[in-house]
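**Student:**
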Amino acid sequence: MYVNFRHINEHLDGVAKMNASQMTQEELEFHYFKLHDFDNNTMLDGLEIFKALTHLLPYDDQDDVQKVDPRGKNIVDNVLKEDDIDDDGYLTYAEYVLARRREEMREELRSKDL
Ligand SMILES: [Ca+2]
Ligand SMILES: [Ca+2]
């Protein structure tokens with residue numbers, strides 16, 4: 132799942148009133164995860180994933196999400212298909228972190244291609 136961490140910084144600064152710039156990336160990831168774990172069960176369900184994905188997008192990108200699927204179901208399905216390792220329909224923090232690492236590896240590979 133693609134996450135723009137600079138944007139999370141801004142987001143956390145505003146909403147959580149934390150000094151996000153002093154956090155490590157891991158702390159940021161954890162806060163981002165907890166921020167969208169509305170029922171506090173340390174797992175993100177489909178709705179929570181959808182909120183997490185759309186929450187941080189600029190308005191233009193939100194339009195794109197709407198175009199993909201008005202209910203945003205496809206993007207959530209894609210995230211779960213790729214990142215829900217034990218296939219229980221929820222993204223645990225461990226699965227989320229693995230997904231982040233995988234995305235970083237992919238970005239690294241992409242930048243090496245250039
Ligand atoms: Ca949850
Ligand atoms: Ca899972």
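Each number in the numbering used here corresponds to the 1-based position in the sequence shown with 131 added.
Ideal Cβ placement from N, Cα and C applies to all residues, glycine included.
(1) I need the straight-line Cα distance from Gly220 to Ser242, nearest angstrom please.
(2) For Met154, which of helix, strand or coil comes out of DSSP?
(3) Between Glu157, Gln153, Ile180 and Glu234, which lies nearest to Thr223 when the distance is taken from Cα to Cα?
(4) Roughly how many angstroms lie between the CA atoms of Ala225 and Arg237, to the nearest whole one?
(5) Please classify Thr185: does DSSP put it in a helix, a strand, or coil?
(6) In angstroms with no decimal places, state the Cα-to-Cα distance between Asn172 and Glu234.
(7) Give the DSSP bridge partners of Met174, in chain order.
(8) The alpha helix (DSSP H) spanning Asp214 covers which residue range?
(9) Pull up the CB-CB distance for His167 and Ala183, whole angstroms please, since I reckon it's below 8 Å.
(10) Given a cut-off of 8 Å on the beta-carbon distance, is the pair Tyr227 and Phe164 in contact?
(11) So, Ala230 versus Asp214, is the Cβ gap smaller than 8 Å?
**Tutor:** Result, derived from the coordinates:
(1) Approximately 32 Å, taken between the alpha carbons.
(2) Note: Met154 maps to coil in three-state DSSP.
(3) Among Glu157, Gln153, Ile180 and Glu234, the Cα nearest to that of Thr223 belongs to Ile180.
(4) 18 Å
(5) helix
(6) 24 Å
(7) Thr223
(8) Lys204 to Asp214
(9) Yes, His167 and Ala183 are in contact; Cβ-Cβ is about 4 Å, under 8 Å.
(10) Cβ atoms of Tyr227 and Phe164: closer than 8 Å.
(11) yes
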